[in-house]
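In what follows, a single structure is set out as structure tokens and then discussed.
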Amino acid sequence: MDSSNHWYGHAHVLARYCGLPDDPPPRINGVLQHGWTFVHGFGYGHAPPLGFTRYVWSDFCRSRGQMIGWRDYYVIGAPFLYLQQLEPAPAETEQEREGTIWYPFHGTADYEGLGGSHEDLIAEIRATETGPVTACLYYVEYDDPVVRAAYEDAGFRVICHGVRGAKWSGGTTDFLSRQLRELRRHRRVASNRLTTAIFYGISAGCEPAVYGNPMELLDVKEGFDGAGLIEANYADLHGAEVDREVAQAIADAELGVGWTLPPEEMRVMFGWEALHEETSA
10 MDSSNHWYGH
20 AHVLARYCGL
30 PDDPPPRING
40 VLQHGWTFVH
50 GFGYGHAPPL
60 GFTRYVWSDF
70 CRSRGQMIGW
80 RDYYVIGAPF
90 LYLQQLEPAP
100 AETEQEREGT
110 IWYPFHGTAD
120 YEGLGGSHED
130 LIAEIRATET
140 GPVTACLYYV
150 EYDDPVVRAA
160 YEDAGFRVIC
170 HGVRGAKWSG
180 GTTDFLSRQL
190 RELRRHRRVA
200 SNRLTTAIFY
210 GISAGCEPAV
220 YGNPMELLDV
230 KEGFDGAGLI
240 EANYADLHGA
250 EVDREVAQAI
260 ADAELGVGWT
270 LPPEEMRVMF
280 GWEALHEETS
290 A
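FYI, this note's numbering numbers position 51 of the sequence shown as 60, with every residue one higher than the one before it.
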């Protein structure tokens, strides 16, 4: 199994969906898309080897990948969609929603730094949001005492959904569940970049917004920064107020609503059928 299949607990969610043990989840015959991307489903530094099935969320990713000559694609929808089936929202969720969960754009611990001013971003958030704000920091920024203190000092509730992990270990296996619970308690979801969390938030019933200092990735691989490209292609999702119905339609397409599989088909596709028969015996 490619170790990125474990990131954010994706393999764990799909194992649960298929009625299989998730500690650890069984091996997947291929590589899962682990986050939203405006390219082919896989991020900087991640090119699945020839012959590995590429399991992606949407037909957009499949078509973009095939445009550069990649093959072996299978569209299955985002693991987040399967999680929502496993953990349906309580009936009182809509009555309890309050405030905004804000996801500042982030770098990564291993190969992407981030340039920009958190102080400037915080000022824009305070000038825009009218209700309580939860700042959800990526673990890299959450573990940075200076960055974390900046958001705490602004009066925001500061949280982190967990860590990504590496080499099949150290990750927060209920990362997506923690994120889903937080999204369901907020009325709005916002970020200074169009990222995975915005699409998850829309899917979970939040009103989306994308505004503020976008910051910049340092030394990013050519073709992956998307500066200007995302704003142009997804103009309807940018701004402090976004049309909810339009946003929902875009999110459904990008997350692969309509492409999800029943457990029986997923078990066959991942090579889990025999294992399921053993555990069910």
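Think of the CB as a built atom: it goes at the ideal place given N, C-alpha and C, for glycine as much as any other residue.
{"Item": "Pairwise C-alpha distance: Ser-289 and Tyr-120", "Value": "For Tyr-120, the pLDDT reaches just 48, beneath the cut-off of 50, and the residue's location in the model is therefore unreliable, leaving the point undetermined."}
{"Item": "Runs of beta strand (DSSP E) wholly within the region 208-264 (minimum 3 residues, chain order)", "Value": "216-219, 225-227"}
{"Item": "Any beta strand (DSSP E) of 3 or more consecutive residues that is wholly inside the region 179-208", "Value": "197-200"}
{"Item": "Residue burial classification, Ser-72 (beta-carbon count within 10 angstroms, cutoff 16)", "Value": "exposed"}
{"Item": "Bridge partner(s) assigned by DSSP for Tyr-17", "Value": "The partner list for Tyr-17 (beta bridge, DSSP) is empty, contrary to what the question assumes."}
{"Item": "Cβ contact (3+ pairs, closer than 8 Å) linking the region 266-282 and the region 248-256", "Value": "no"}
{"Item": "Environment of Leu-238 [buried if 16+ CB atoms lie within 10 Å]", "Value": "exposed"}
{"Item": "Contacting residues, own chain, Cβ-Cβ under 7 Å from Ala-206 (five flanking each side not counted)", "Value": "Tyr-112, Val-198, Ser-200"}
{"Item": "Proximal residues to Gly-179 (C-beta, below 7 Å), its chain only, five neighbours per side dropped", "Value": "Val-172"}
{"Item": "Run of the beta strand (DSSP E) containing Tyr-147, from where it starts to where it stops", "Value": "Segment: none, Tyr-147 is in no beta strand (DSSP E) and carries neither H nor E."}
{"Item": "Contact under 9 Å by Cβ, Asn-14 with His-49", "Value": "no"}
{"Item": "Where the alpha helix (DSSP H) through Thr-109 begins and ends", "Value": "Careful: Thr-109 lies outside any alpha helix (DSSP H), inside the beta strand (DSSP E) at 109-112."}
{"Item": "Same chain only: Cβ atoms within 6 Å of Phe-208, ignoring 5 sequence neighbours per side", "Value": "Trp-45, Ala-260, Glu-263, Leu-264"}
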